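The working numbering puts the first residue of the sequence shown at 122, with every later residue one more than the last.
From the three backbone atoms N, C-alpha and C, an ideal C-beta is built for every residue, glycine too.
Treat the numbers as computed from the prediction; the structure is a model and nothing was measured.
Inspection log for the structure reproduced underneath, given as structure tokens.
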Amino acid sequence: MNSQNGQYAVQPEDLAEALLSGNYSGIYERFSPDFKQYISEADFTEMGSAFIQEVTSFTPSTVVKLNGSEQRVWISDTGAKGILAFFDETGMILGLSITNLDSYPVTDQALTETVVSPPFEGDWFVFWGGSNMLDNYHYEYESQRYAYDFVQEVNGYSYQGDPADNESYYAFGKDITAPADGTVIRVIQDIPDNTPVGVMNEKEAAGNVVVIDHGGEYSFLAHLKQGSVTVQEGDNVISGQVIGKLGNSGNSSEPHLHFQMSDGSDLFGSRSLNIRWKDHLRPLKGQTVTGRL
């Protein structure tokens with residue numbers, strides 16, 4: 122498909138190279154009609170031209186294909202700039218973010234003393250996770266910088282059936298386990314689960330949550346199912362012990378596990394810690410993590 126100036130509309134995997142080569146018209150041609158309402162071709166060309174200054178190359182970082190859409194991330198040669206693009210099944214661009222990237226190398230390299238096992242059994246998909254804000258939107262915020270969001274997927278979908286029904290989601294109701302030995306210090310389990318793709322509960326962001334003290338490092342297992350928690354405050358737990366079931370409570374649009382380690386017991390008043398995973402795992406967005414009891 123030719124654009125008006127004769128250049129070719131780009132395929133998803135070629136977007137970063139097209140940006141570097143100045144094929145702004147070819148990229149813009151792939152914008153969805155709704156996305157074109159937000160920015161003109163002239164403004165996009167101006168932004169793109171300014172963005173690629175001092176960039177020699179972009180390297181593909183992650184690809185996520187889930188529920189009929191595709192996300193791709195590219196990082197510049199210096200690590201200072203990144204691209205996040207959202208595509209539909211035809212390759213149409215539904216959204217595009219080109220941004221400067223902050224980095225925190227000191228805390229990136231400082232891992233928890235606690236050795237952490239995946240807090241679940243079976244295969245789980247990393248929807249958000251990594252050390253930049255495009256692979257992991259939490260990274261921008263000190264209190265959640267190294268948090269993960271996990272879902273389950275089968276054949277590229279996190280649900281089967283009605284997407285407005287929690288029971289349609291593969292992860293909903295699955296057992297969540299203690300990531301390491303410790304003492305339960307907080308349990309909340311009376312918050313109703315949200316309707317998927319409906320209104321999220323931003324006021325009680327973590328939703329139903331279990332917080333475990335691992336000797337001065339704290340794990341947070343959030344968005345649990347209402348009434349499903351099987352431990353009480355003060356209980357000693359061992360790694361792999363079931364503590365509850367996954368739900369869709371709190372600031373959650375579909376059933377997923379928000380998991381992080383922090384240096385304090387207040388989710389938003391503490392610093393997120395980069396996790397020392399068992400068996401030297403380094404989960405990143407788009408990867409599958411397997412938990413074993």
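With burial defined as no fewer than 16 other Cβ atoms inside 10 Å of the residue's Cβ, what is the status of residue 179: buried or exposed? Residue 179 is buried by the Cβ-count criterion.
What residue range does the alpha helix (DSSP H) around residue 199 cover? Counting along the chain, residue 199 falls outside any alpha helix (DSSP H), and DSSP gives it neither H nor E.
Close Cβ partners of residue 408 (< 6 Å) along its chain, the five nearest in sequence each way excluded: Contacts found: 247.
Could you tell me which residues DSSP puts in a beta bridge with residue 366? Bridge partners of residue 366: 296.
DSSP has residue 269 in a bridge; who is on the other side? Beta-bridge partners of residue 269 (DSSP): 380.
Residues bridged to residue 280 [DSSP beta-bridge criterion]: According to DSSP, residue 280 bridges with 290.
Just the Cα atoms here: how many angstroms apart are residue 187 and residue 279? Straight across, the Cα-Cα distance linking residue 187 with residue 279 is about 7 Å.
Excluding the five sequence neighbours on either side, which residues of its own chain have a C-beta within less than 7 Å of the C-beta of residue 362, listed in chain order? Only 298, 299 meet the Cβ criterion.
Residues sharing a beta bridge with residue 205, DSSP: DSSP, once it has assigned bridges, lists 194, 218 as partnering residue 205.
Residue 170 versus residue 215: straight-line alpha-carbon distance, rounded: Cα-Cα distance, rounded: 21 Å.
From the DSSP output, in three-state form, read off residue 389 for me. The three-state reading of DSSP puts residue 389 in coil, since its state is none of H, G, I, E or B.
Quick test of the definition: if touching needs 3 or more C-beta pairs under 8 Å, does the stretch 205-222 touch the stretch 233-242? No: the two stretches stay apart, fewer than three of their Cβ pairs being nearer than 8 Å.
If you pair each beta-carbon of the stretch 134-146 with each one of the stretch 158-169, do three or more pairs fall below 8 Å? The stretch 134-146 makes contact with the stretch 158-169; the number of CB pairs closer than 8 Å reaches 3 or more.
Taking 6 Å as the limit between beta carbons, can you name the residues of its chain near residue 411, skipping five residues before and five after? Cβ within range, chain order: 244.
Is it the case that the stretch 322-331 contacts the stretch 366-378, given that we only count it when at least three CB pairs across the two stretches are under 8 Å? The stretch 366-378 is in contact with the stretch 322-331.
In whole angstroms, what is the alpha-carbon distance linking residue 253 and residue 380? Rounded to whole angstroms, residue 253 to residue 380 spans 17 Å at the Cα level.
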